[in-house]
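J.:
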Amino acid sequence: MSDLPRRDPRLEWIARNRLHPRHEEVLVALGQGAASEWPGPNGLVRKNPHRVGFIGPHGVKRIDRSGTQQGAMGGKASTPVADRKPLIEIAEPAFLVAVVPDMAGGRLSGHDKDLLGLARRLADADPAAQGAVVAVIFGPHKETRFGEAGIDRLLHLDSPEVTGYAPEARLGALVMAEQAWAPRHWLLPDSKLGGGELGRRLAARLDERPATGIWQLEADAEAATGWQCTARGAAGSLDIRRPLPRIALALAECAEPVSETRHTAAELALPQPLPSTLSRIQDLGQVSVDPASVALSEAEFILSAGNGVKDWQGFHHAAELLGATEGASRVAVDDGFMARDRQVGATGTWVTARVYVAVGISGAIQHLQGIQTCDKVVAINMDPGCDMIKRADLAVIGDSTQILEALVTLVTQAREEKRDAA
Numbered sequence: 001m002s003d004l005p006r007r008d009p010r011l012e013w014i015a016r017n018r019l020h021p022r023h024e025e026v027l028v029a030l031g032q033g034a035a036s037e038w039p040g041p042n043g044l045v046r047k048n049p050h051r052v053g054f055i056g057p058h059g060v061k062r063i064d065r066s067g068t069q070q071g072a073m074g075g076k077a078s079t080p081v082a083d084r085k086p087l088i089e090i091a092e093p094a095f096l097v098a099v100v101p102d103m104a105g106g107r108l109s110g111h112d113k114d115l116l117g118l119a120r121r122l123a124d125a126d127p128a129a130q131g132a133v134v135a136v137i138f139g140p141h142k143e144t145r146f147g148e149a150g151i152d153r154l155l156h157l158d159s160p161e162v163t164g165y166a167p168e169a170r171l172g173a174l175v176m177a178e179q180a181w182a183p184r185h186w187l188l189p190d191s192k193l194g195g196g197e198l199g200r201r202l203a204a205r206l207d208e209r210p211a212t213g214i215w216q217l218e219a220d221a222e223a224a225t226g227w228q229c230t231a232r233g234a235a236g237s238l239d240i241r242r243p244l245p246r247i248a249l250a251l252a253e254c255a256e257p258v259s260e261t262r263h264t265a266a267e268l269a270l271p272q273p274l275p276s277t278l279s280r281i282q283d284l285g286q287v288s289v290d291p292a293s294v295a296l297s298e299a300e301f302i303l304s305a306g307n308g309v310k311d312w313q314g315f316h317h318a319a320e321l322l323g324a325t326e327g328a329s330r331v332a333v334d335d336g337f338m339a340r341d342r343q344v345g346a347t348g349t350w351v352t353a354r355v356y357v358a359v360g361i362s363g364a365i366q367h368l369q370g371i372q373t374c375d376k377v378v379a380i381n382m383d384p385g386c387d388m389i390k391r392a393d394l395a396v397i398g399d400s401t402q403i404l405e406a407l408v409t410l411v412t413q414a415r416e417e418k419r420d421a422a
C-alpha cells in the first residue's frame, strides 16, 4: 500500500469510509494512523467490526472474512504474525506451573493449547509474583511453536525408556521433576490419549487428591489455593465445585489458548539422568485404525464435503485412499448425503485437525467458526471469491470431481512407485 499514490481518489474514499475492510490499512499507508473506534453522531462510541481481532458484544472474537489475515491485501512480504507478538521473558519465576501435553501426532493439539492457556492464567494471575509455565514432553516431536503456545520452559525427554507407551517410566520422570522444582500445580489433559492415565498415576504417587474433568476455573480469594475449579461429575450430568488442587486434569476448551504473546520456551534438563526401570508393560507399537471410526473432534486429517460435491462415490473413495476422516457441511447433511455426526461447524462439531480439506464448501460463518483452530486448511472450489477460499492456506480452483480424481491417481502412482522401489 505504501507504493500507491497518495492522491488516488479511491484510496481517499476508503480512508473516509470507516467500515471499509481496508480502512485501517489505507490510513496507515497515508500516514493518518488507524482508528479502531470513534464517536458517532449521537455521542456513542462506534467500533470498527472489520478490525483484525475485533471482539464482539458477547466477548467472542469475530472471524476475519476479508482475507486480510491471510495476507491477501498486500503483494509485498510482511512480517510474520508470530514475530509481531510481544516476547515475554521470565528470568526468575516465583513459582512454576507444570503441564504435560498429550502431543498427539508429535504436535500440540487443540486440547493441549487450551491446557497451556489455563496454565498461563495460573502463572500470570499475580504480577507481583510472576510464575512460569514449564511443559514436559516425551519422545520425538514435530512442534515448532512452543513459545507461541505460552511455554516459558521446555523439558524434552527423548530417551528410549519414555518413548511410546511407557507410563511407568514417564511417571518416574515426572517424579524427578517434582523433586527438582516442586511446581505449584501439575496440569494434564483429561483425555484417552495418555494424559488421563498419567495424571491419575502421578496423583497416586504424590499422594495428592486430583481434580478431574475440569472445564472452568475462577479466582477465589477464600479458597486455600486462591482458585475454584468446576469439574464434570456423575457421567457429565453434574458440575462439582472445589478448590483447585495441585494436580488437575482438564477437559478441552477449559480456557482460551494463548494468542497475544509469545514466550521463550527455554530448554530445561533434569539434574540427574533417568533411572533405569524394569517395566511390566511391553509396547507392541501402534495399531492402525479405520479413519471412518475416528470422531471428528479427535481426527487429525479431515476430508470434508459440501454442496459442490456431485460424485459422492468418488469422494468416499478418495477419503478411504487418503486415510482421511470424512466430514461435511450442514447443507450436505441436510440433503441426506452424510450422517449428522459428520457435520462440521458451530452447529455441528468443532474440529482441531492438522489438515482440513474442504471440498465444494463455500464457507458459511458457522462452518468457519468450527474449523478456526485447524492448522492447515485446503479449499477446493469453483468460486475463487468464496469465504472458504479466503480462509484457506492453500486453494485449488476447479471442479471437485476432476481434482479428486487427479489426486487419487497421483497418490496411487506414488504408492506403486514406492512399492516397486522396495
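Here full-length UniProt numbering is used: position 368 in the sequence shown is 368, and no number is missing along the way. Cβ coordinates follow ideal geometry from the N, Cα and C atoms, glycine included.
So for residue 179, helix, strand or coil by DSSP?
T.: In the sequence shown, the residue the question calls residue 179 occupies position 179. When DSSP states are grouped into helix, strand and coil, residue 179 belongs to the helix group.
J.: Using three-state DSSP, classify residue 92 as helix, strand or coil.
T.: One-based indexing of the sequence shown puts residue 92 at position 92. Coil, per DSSP.
J.: Do residue 292 and residue 325 have their C-beta atoms closer together than 8 Å?
T.: Mapped onto the sequence shown, residue 292 falls at position 292. Mapped onto the sequence shown, residue 325 falls at position 325. Yes; because the gap between Cβ atoms is below 8 Å, this pair is in contact.
J.: For the pair the stretch 310-317 and the stretch 381-398, tell me if three or more CB-CB distances fall below 8 Å.
T.: No, they do not touch.
J.: With a floor of 3 residues, list each beta strand (DSSP E) that falls wholly inside the stretch 179-242, ordered by position along the chain.
T.: 185-189, 211-219, 227-233
J.: Residue 404 lies in the beta strand (DSSP E); which residues open and close that run?
T.: Counted from its first residue, the sequence shown places residue 404 at position 404. For residue 404, there is no enclosing beta strand (DSSP E); the residue is found in the alpha helix (DSSP H) stretching over 400-421.
J.: Check whether the stretch 178-190 touches the stretch 202-216, taking contact to mean three or more Cβ pairs, one atom from each stretch, closer than 8 Å.
T.: yes
J.: Return the CA-CA distance between residue 241 and residue 231, expressed in angstroms with no decimal places.
T.: Here residue 241 refers to the residue found at position 241 when the sequence shown is read from its first residue. Here residue 231 refers to the residue found at position 231 when the sequence shown is read from its first residue. If you take the alpha carbons of residue 241 and residue 231, they lie about 6 Å apart.
J.: Give a yes or no on whether the C-beta atoms belonging to residue 213 and residue 102 are separated by under 8 Å.
T.: Indexing the sequence shown from 1 puts residue 213 at position 213. Indexing the sequence shown from 1 puts residue 102 at position 102. Taking 8 Å as the cut-off, the Cβ atoms of residue 213 and residue 102 do not count as close.
J.: In whole angstroms, what separates the C-alpha of residue 297 from that of residue 13?
T.: As a first step, residue 297 must be located in the sequence shown, where it is residue number 297. As a first step, residue 13 must be located in the sequence shown, where it is residue number 13. Whole-angstrom Cα-Cα distance: 45 Å.
J.: Beta-carbon separation of residue 257 and residue 117 under 8 Å?
T.: By one-based count along the sequence shown, residue 257 stands at place 257. By one-based count along the sequence shown, residue 117 stands at place 117. Contact: yes.
J.: Could you say if the stretch 138-153 and the stretch 257-271 meet the contact criterion of at least three C-beta pairs nearer than 8 Å?
T.: As far as the Cβ criterion goes, the stretch 138-153 touches the stretch 257-271, which means the pair count is three or higher.
J.: Helix, strand or coil for residue 253, going by three-state DSSP, please let me know.
T.: For the purposes of this step, residue 253 is taken as residue 253 along the sequence shown, with counting starting at 1. Coil at residue 253, not helix or strand.
J.: Compute the distance between the beta-carbons of residue 392 and residue 359, then report whether it is under 8 Å.
T.: By one-based count along the sequence shown, residue 392 stands at place 392. By one-based count along the sequence shown, residue 359 stands at place 359. Cβ distance not < 8 Å, so residue 392 and residue 359 don't count as in contact.
J.: How long is the line joining the alpha carbons of residue 147 and residue 310, rounded to whole angstroms?
T.: Numbered from 1 along the sequence shown, position 147 holds the residue referred to as residue 147. Numbered from 1 along the sequence shown, position 310 holds the residue referred to as residue 310. Each residue's Cα considered, the two are about 43 Å apart.
J.: Residue 332 to residue 253, Cα distance in whole Å?
T.: For this step, residue 332 is matched to residue 332 along the sequence shown. For this step, residue 253 is matched to residue 253 along the sequence shown. Roughly 27 Å separates the two Cα atoms.
J.: Hey, out of 209, 416, 247, 94, whose CA is closest to residue 131's CA?
T.: Indexing the sequence shown from 1 puts residue 131 at position 131. Taking only the C-alpha atoms, the option nearest residue 131 is 94.
J.: Count the other C-beta atoms from every protein chain shown that fall within 10 angstroms of the C-beta of residue 382, then say buried if there are 16 or more, exposed otherwise.
T.: Within the sequence shown, the letter at position 382 stands for residue 382. So residue 382 ends up on the exposed side.
J.: Would a C-beta distance cut-off of 8 Å place residue 122 and residue 97 closer than the cut-off?
T.: For this step, residue 122 is matched to residue 122 along the sequence shown. For this step, residue 97 is matched to residue 97 along the sequence shown. Yes; because the gap between Cβ atoms is below 8 Å, this pair is in contact.
J.: I'd like to check one pair, residue 351 with residue 302: are the Cβ atoms closer than 8 Å?
T.: In the sequence shown, residue 302 corresponds to position 302, counting from 1. In the sequence shown, residue 351 corresponds to position 351, counting from 1. Going by C-beta atoms, residue 302 is nearer than 8 Å to residue 351.
J.: Taking the CB atoms as reference points, tell me whether residue 190 and residue 249 lie closer together than 8 Å.
T.: Translated into the one-based positions of the sequence shown, residue 190 becomes position 190. Translated into the one-based positions of the sequence shown, residue 249 becomes position 249. The answer is yes: Cβ separation under 8 Å.
J.: Apart from the five residues on each side of it in sequence, which residues of its chain come closer than 7 Å, Cβ to Cβ, to residue 353?
T.: What you label residue 353 is simply residue 353 of the sequence shown in a count that begins at 1. Only residues of its own chain outside the window of five on either side were considered, and among them 299, 300, 301, 302, 374 have a CB closer than 7 Å to the CB of residue 353, listed in chain order.
J.: Assuming residue 377 is part of the beta strand (DSSP E), what are its boundary residues?
T.: The sequence position of residue 377 within the sequence shown is 377, counting from 1. Counting along the chain, the beta strand (DSSP E) containing residue 377 begins and ends at 376-381.
J.: Using the beta-carbon count (16 or more within 10 Å), is residue 6 buried or exposed?
T.: Along the sequence shown, one-based indexing puts residue 6 at 6. In this predicted model, residue 6 has a pLDDT of only 46, less than 50, meaning its place in the structure is not dependable enough to derive any value.
J.: When you compare each of 175, 157, 167, 142 to residue 279 by their alpha carbons, which one comes out closest?
T.: As a first step, residue 279 is located in the sequence shown; it is residue number 279 there, counting from the start. Selected option, being the one with the closest Cα: 167.
J.: Between which two residues does the alpha helix (DSSP H) carrying residue 484 extend?
T.: Absent from the model: residue 484. The displayed extent of the chain is 1 to 422, so no value can be given.
J.: Under the rule that 16 or more other beta-carbon atoms within 10 Å means buried, what is residue 227, buried or exposed?
T.: By one-based count along the sequence shown, residue 227 stands at place 227. Result: buried.
J.: So, with DSSP's three-state summary, where would you put residue 321?
T.: Your numbering for residue 321 matches position 321 in the sequence shown. Looking at residue 321 - three-state DSSP - the assignment turns out to be helix.
J.: Comparing alpha-carbon positions, which option in 111, 197, 86, 276 lies nearest residue 160?
T.: As a working mapping, residue 160 is identified with position 160 in the sequence shown. Among 111, 197, 86, 276, the Cα nearest to that of residue 160 belongs to 276.
J.: Give me the Cα-Cα distance between residue 72 and residue 396, rounded to the nearest whole angstrom.
T.: If you number the sequence shown from 1, residue 72 lands on position 72. If you number the sequence shown from 1, residue 396 lands on position 396. With a pLDDT of only 40 at residue 72, under 50, the local geometry of the prediction cannot be trusted, and the value read off the model is given with reservation. Their Cα atoms are separated by approximately 16 Å.
J.: Assuming contact is defined by CB atoms lying nearer than 8 Å, are residue 99 and residue 133 in contact in what I supplied?
T.: Position 99 of the sequence shown, counting from 1, holds the residue named residue 99. Position 133 of the sequence shown, counting from 1, holds the residue named residue 133. Cβ atoms of residue 99 and residue 133: closer than 8 Å.
J.: Beta-carbon separation of residue 108 and residue 169 under 8 Å?
T.: Locating residue 108 in the sequence shown gives position 108, where the first residue counts as 1. Locating residue 169 in the sequence shown gives position 169, where the first residue counts as 1. No; because the gap between Cβ atoms is not below 8 Å, this pair is not in contact.
J.: Mapping the DSSP letters down to three states, classify residue 354 as helix, strand or coil.
T.: Residue mapping note: residue 354 aligns to position 354 of the sequence shown, counting from 1. Coil.
J.: Per DSSP, residue 248 forms a beta bridge with which residues?
T.: To locate residue 248, count along the sequence shown from 1; it is residue 248. Answer is 187, 211, bridged to residue 248.
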